[in-house]
Amino acid sequence: VLALETADGGMCAILSADVCFIANDLIERCKAEMAKAGIDWADQVLFSATHSHTAPYPDRFFGDDPDEEWLQIFAERSAAAVKRAVANLQESEFCTGKTFCDTLAFNRRYWMKDGSVVTNPGKLNPEIVKSEGAVDYSIPMLAWKTGGKLAALIVNIVNHTDTIAGDTVSADWPGRMEREIQNQLGYDVPVITLIGASGNINHFDNSTDRDQASFEEAKRIGKEYAAKIVPALADLKTVGSAGIKLVSDKITIPYTVITDEEVAKAKEVLAKPFDPNEEAEMTASGLARGEGPVARFFADQLLTFRESCVGAREFRLLSIQFGDQAAIVTLPGEPFTEIGLAIKAASRFETTVVSALSMGECGYIPLPECFGRGGYEILPVEGGGPAHDTAPRLIEAASALVK
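Taking our numbering, the leading residue of the sequence shown gets 841, the next gets one more, and so forth.
This is how it looks when you write it as structure tokens:
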């Protein structure tokens, strides 16, 4: 948690959690606990998730319910963390910077020789033609110094946080990156990772057959990002006058509408004979194949989605702005990287941090043209399935906050 005093004498905070996503209900629970703790400005808190897949799911996901006791503990500890951050307020010098890393992130959706698009088609797959879209390699940085010493750092990285397989509890590569930065600096500076628009991005380099699903891979990625970030700290630019203000807006995101034809196809899949002992392989390769239990899983999710996900959801877009030099702007869910690039291009700020997985969860947000091509991001699941026109509407609404 990073607490900040605004230009009008108020308060705001940035809370980044090592969870898979931030659900609206969890945000409201946290705000209620903050109110109990005497924090009367909880609406000024930016809630974001690092998207670690080796961390709890805070809402119903893939058919599993969250642990109620854990949800309450999370809310209480979030409130306590904000209180500690406020208690540790000190005058600081605000700085901005940027670095780049083009070796760790890849667009994970690929055009195949048959004309379709497949997500994570597999290492050295000869059917791959090219990646479907762009990759944002830039790493904007916001920093605070006290007495000439780095006191806090925010890095904005566009990559998926899913490098460790199994049920290990881990902060994944952001945790290893923070530790490596601290090791190189020689003290425990807080490093907050705000994940950028990375719904179609991950760390898999399909031009190699190297195993990239392990704790060792998380360590490698964390160290390589740190190797780019630490040298760039010497070039941080001090911002003279950077009064902090918050601006926000709300966006209504309808659920996608499931057609009768899609329902019929799903029922056809579920009617096929199957082995009840065979579990769905919910890994990158298993999802890419989309066979057997995985096909049944998504068919079942489609039918569940049609019954329970009707109407629309409302999300708050929040922008924390530092004078005329820098701004953070939030996006819910997992937007494709082109959405983040469009918002950065529209921004009037020299440094724009696009913080995805923030202020609520709405699932993957593909570009309209991606629907119908293939890949599992376009499939409706509980908690996801935004309408097909969500991306351009989100670009317009978020860009308006930073123009």
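Think of the CB as a built atom: it goes at the ideal place given N, C-alpha and C, for glycine as much as any other residue.
Beta-bridge annotation (DSSP): Met-952 is paired with Ile-968. The residue among Arg-1060, Phe-914 and Glu-1018 with its C-alpha nearest the C-alpha of Cys-870 is Phe-914. With at least 16 other beta carbons inside 10 angstroms of its own, Trp-984 counts as buried.
Shortest Cα-Cα distance from Tyr-897 to any of Ala-872, Leu-866, Lys-923 and Asp-880 involves Leu-866. The residue among Gly-987, Ala-889, Ala-1082 and Ala-875 with its C-alpha nearest the C-alpha of Phe-861 is Ala-889.
Within the same chain, and ignoring the five residues on either side of Thr-1144 in sequence, the residues whose Cβ sits closer than 7 Å to its Cβ are Glu-1222. Across the structure, Gly-937 and Leu-1197 are spaced so that their CA atoms are roughly 22 Å apart. In the pairwise beta carbon analysis, the stretch 1077 to 1085 is classified as touching the stretch 1158 to 1173: at least three pairs are separated by under 8 Å. The stretch 938 to 945 makes contact with the stretch 1063 to 1071; the number of CB pairs closer than 8 Å reaches 3 or more. Minimum Cα-Cα distance from Val-1097 among the listed residues Asp-1075, Leu-1110 and Cys-1149 corresponds to Cys-1149. The C-alpha of Ser-1047 lies about 9 Å from the C-alpha of Gly-962.
Scanning Phe-1211, Gly-849, Leu-1076 and Ser-1159 for the CA closest to the CA of Val-885 turns up Ser-1159. Look at Val-1221 here: in three-state DSSP terms it is coil, with no helix or strand label.
Contiguous beta strand (DSSP E) elements confined to the stretch 968 to 992 occur at 968 to 971 and 978 to 986, taking only those with 3 or more residues. In this structure Gly-1039 is in contact with Phe-1176, their Cβ atoms being roughly 5 Å apart against a cut-off of 8 Å. In this structure, Gly-1173 places its C-beta atom within 8 Å of the C-beta atom of Glu-1201. Beta-bridge analysis with DSSP links Phe-901 to Asp-904. Ranked by Cα distance from Tyr-977, the options Asp-907, Leu-1086, Glu-967 and Asn-996 are led by Asn-996.
Inter-residue distance for Asn-960 and Tyr-950 is about 8 Å (C-alpha atoms, whole angstroms). For the pair Ala-925 and Leu-1034, the CB atoms are not nearer than the 8 Å cut-off. Rounded to the nearest angstrom, the Cβ distance from Val-922 to Leu-855 is 7 Å, consistent with a contact under 8 Å.
For Glu-1064, the enclosing alpha helix (DSSP H) covers residues 1055 to 1072.
Here Lys-876 is exposed, its C-beta having fewer than 16 other C-beta atoms within 10 Å. By alpha-carbon distance to Ser-932, the top candidate from Ala-992, Asp-880 and Glu-873 is Ala-992.
Counting only residues of its own chain and dropping the five nearest sequence neighbours on each side, Leu-1219 has a CB closer than 6 Å to the CB of Phe-1138.
For the options Val-1242, Asp-1100 and Phe-1114, the alpha carbon positioned closest to that of Val-1193 is the one of Val-1242. In the displayed model, Ser-1010 falls within coil according to three-state DSSP, outside both helix and strand. For Pro-1094, the enclosing beta strand (DSSP E) stretches over residues 1084 to 1094.
In the structure shown, Thr-1170 falls within a strand segment according to DSSP collapsed to helix, strand and coil. For Lys-1068, the number of other beta carbons within 10 angstroms of its own is at least 16, and it is reported as buried. Ranked by Cα distance from Arg-1060, the first of Glu-972, Phe-1044 and Asp-1075 is Phe-1044. About 4 Å separates the Cβ atoms of Glu-1217 and Tyr-1204, confirming a contact at the 8 Å cut-off.
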